[in-house]
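**Q**
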Amino acid sequence: MRKMTIAAGALVALMIASCGGSWPTEQDINNSLSAKVQSVTGDWTGFSQGTNPVTLDFKLQEGSNGQVSGTGTWKEGNASPAVPITVSGTFQRPALSLTFDGIVSESHQVKGVAQGNYTTAGGISTTLTLTGTGYTRDVAIVLIEK
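Residue numbers (my numbering): 524 to 669.
1. What do you reckon, are the CB atoms on I664 and G569 nearer than 7 Å?
2. Report yes if the C-beta distance between F581 and G595 is below 7 Å; otherwise report no.
3. Could you give the distance in angstroms between the alpha-carbon of G635 and the alpha-carbon of G589?
4. Am I right that L666 and G646 are in contact with their C-beta atoms under 8 Å? What's the rounded C-beta distance?
5. For A602, which residues from the same chain have a beta carbon less than 8 Å from its beta carbon, with the 5 sequence-adjacent residues on both sides left out?
6. Would you call the CB atoms of G612 and V591 closer than 7 Å?
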């Protein structure tokens, strides 16, 4: 048992030494989180709760002058299957504005618009406004970069 404790202690010491001898500082953590929200390029998910919840899964690319675009899927409640969507918008840090085309909500073909400030790795809590012919619906949604 004593040999196992000594071996475990030696392993921990070796791991600390290989990492530069210290744990990340608060500043290191803040810098890492800040770097994450510098760009919106990558895989994203969005979800709502309550009756008839929605799920978005999409991938964004950043272009020039803050333009963003992408593709993904939209799924509403127990509707099957998910439908393909396209995404367009802008990112002028921290403001992110997205338009989702191809959404089908409650059997209506609609467009979704969401805006928010991307300032934390926890994502953006916002309202997704769905509009179509004779149809409007606001959905409280969270958008998170994976």
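Note that CB positions come from ideal geometry on N, CA and C, so glycine has one too.
**A** The answer reads as follows:
1. yes
2. yes
3. 20 Å
4. 5 Å
5. V627
6. yes
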